[in-house]
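Reminder that position 222 of the sequence shown reads as 222 in full-length UniProt numbering, one-by-one numbering, no gaps. Quick reminder that beta carbons are idealized off the backbone N, C-alpha and C, glycines included. Input: a single structure, listed below in structure tokens.
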Amino acid sequence: MSLTLTSSTPAMRAGTAADREPGAQSVPQGRCTLVGAGPGDPELLTLKALRAIQSATVLLVDDLVSDDIVAMAAPGARVIHVGKRGGCKSTPQSFIERLMIMAVREGEHVVRLKGGDPFIFGRGGEEVEHLAQAGIHVEVVNGITAGLAGLTSLGVPLTHRAHAQGVVFITGHAKPGSPGPDWRTLAATAHSARLTLVIYMGVSSAGSIQDELLSGLPPATPVVVVQNASLPLQRHAVGTLATLQRTIADNGLCSPSIIVVGDVLQGLAAAASSAPPALAQAA
């Protein structure tokens, strides 16, 4: 059974097990598993993630989890879609956490299913902390993050002895009210330490990110933007740091996408420059 719930849904405004009438029969506490569903391709799920999905009685599913993965749930499981896509309306985080606590206290095996890895820009840490405060232990199952899968699908590594000595995963979408990353310092560090930059949720602010990174990185630094990493609809476009914003606009790329910046892309950039001009390519 699949549901899309909001905090105004009557059934979800019910109290937790602790709020029930005195004398009501107690239910053994269930358990909660925080599962990374990977970038989208079901074949990239870990075996542990698959087992958790199949054993769940309640699944709270983020928007970026593919339908093929959700279909792996047991026929009788309750599937609750809670949104959570950057820049889009979704269920409030506090409500999701309350729902998780309520279901666990009712004896359910709750699987919180997130795209990518729950501990890489997935707010998994916040959910684990919140449930811990309620006395609930959360098991975490890692997933392949889009920043790795997107580049791997193009045959490009994140690190390479000749080009990149390290990698930085960073968000281009800061928490409201926070100053966000210091892109100028990051650019200088990336240049001196030979780092690959993998930017999540950065398409909408690509112009400002480009300007800041140009303060410390050469304009000709290769970039690639990968949309829908690992899915059949995956597309990518190659450019340089100086043309990042134009590359995104000319190819109609949008969220969910990752932006990768660094010399590890030199081979991909060389191949793209020798090919006829074209719009974003399918991987």
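Run the CB neighbour count on residue i, radius 10 Å, all protein chains shown included, and call it buried at 16 or more, exposed below.
i, result
"ASP67", "exposed"
"GLY166", "exposed"
"GLY177", "exposed"
"ARG105", "buried"
"ARG161", "exposed"
"ALA271", "exposed"
"GLU97", "buried"
"LEU47", "exposed"
"ALA220", "exposed"
"SER273", "exposed"
"ALA229", "buried"
"GLU127", "buried"
"ALA193", "exposed"
"GLY38", "buried"
Considering only the alpha carbon of each residue, which of the options lies closest to residue i?
i, options, result
"MET201", "THR57, LYS175 and LEU268", "LYS175"
"GLU215", "GLN227, TRP183 and GLY207", "Note that residue 215 corresponds to Ser in the displayed sequence, not to Glu. Cα-wise, what sits closest to SER215 is TRP183."
"ASP263", "VAL223, HIS137, ALA132 and ILE199", "VAL223"
"LEU113", "LEU47, ILE101 and ILE80", "ILE80"
"VAL226", "HIS236, PRO181, PRO218 and LEU244", "HIS236"
"GLY36", "LEU241, SER208, ALA269 and GLY143", "GLY143"
"LEU186", "VAL168, ARG246, SER208 and PRO179", "VAL168"
"ASP63", "ALA193, GLU127 and PRO256", "PRO256"
"GLU212", "VAL238, LEU233 and GLN245", "GLN245"
"LEU233", "ASP41, GLU129, GLY180 and LEU34", "ASP41"
"GLY252", "ARG194, VAL260 and VAL238", "VAL238"
"GLY267", "PRO218, LEU154 and PRO75", "LEU154"
"THR196", "LEU158, HIS173, LEU151 and ALA134", "LEU158"
"THR33", "ALA103, VAL110 and SER55", "VAL110"
"SER204", "PRO218, GLY83, ILE258 and LEU151", "ILE258"
"VAL61", "GLN29, PRO28, GLY30 and GLY124", "GLY124"
"GLY122", "SER55, ALA164, ALA269 and HIS173", "HIS173"
Mind reading off the beta-carbon distance from residue i to residue j? Whole number of angstroms is fine, and I expect it under 8 Å.
i, j, result
"LEU44", "ALA146", "Their Cβ separation, rounded to whole angstroms, is 10 Å, which puts LEU44 and ALA146 out of contact at 8 Å."
"LEU59", "ALA71", "Not really, about 11 Å apart at Cβ, beyond 8 Å."
"VAL198", "LEU265", "About 11 Å; that fails the 8 Å criterion."
"GLU108", "THR57", "5 Å"
"ILE136", "ILE101", "6 Å"
"VAL261", "LEU241", "6 Å"
Between which two residues does the alpha helix (DSSP H) carrying residue i extend?
i, result
"VAL238", "Counting along the chain, VAL238 falls outside any alpha helix (DSSP H), though it belongs to the beta strand (DSSP E) covering 235-240."
"PHE95", "93-105"
"GLN165", "Unbroken run through GLN165: none, as it is neither H nor E."
"ILE248", "244-250"
"VAL70", "67-70"
"ASP117", "Careful: ASP117 lies outside any alpha helix (DSSP H) and carries neither H nor E."
"GLY207", "206-213"
How far does the beta strand (DSSP E) with residue i in it reach, from first residue to last?
i, result
"LYS114", "109-114"
"GLN133", "Per DSSP, GLN133 belongs to no beta strand (DSSP E); it is in the alpha helix (DSSP H), 124-133."
"GLY267", "Here GLY267 belongs to no beta strand (DSSP E); instead the alpha helix (DSSP H) covers 266-274."
"GLY147", "GLY147 -> not in any beta strand (DSSP E); alpha helix (DSSP H) instead, spanning 146-152."
Confirm the yes/no value for this check: CB of residue i, any heavy atom of the ligand SAH, distance under 7 Å.
i, result
"VAL141", "In terms of ligand content, the structure shown is empty, and the ligand SAH therefore cannot be addressed."
DSSP beta-bridge partners for residue i?
i, result
"PHE169", "VAL198"
"ASP41", "ASP41 pairs with nothing; no bridge assigned."
"GLY83", "ASP62"
"ILE259", "ILE199 and VAL225"
"CYS32", "VAL110 and VAL138"
Indicate whether at least one CB of chain C lies closer than 8 Å to the CB of residue i.
i, result
"VAL140", "Protein chains in the displayed structure number just one, and chain C is not present."
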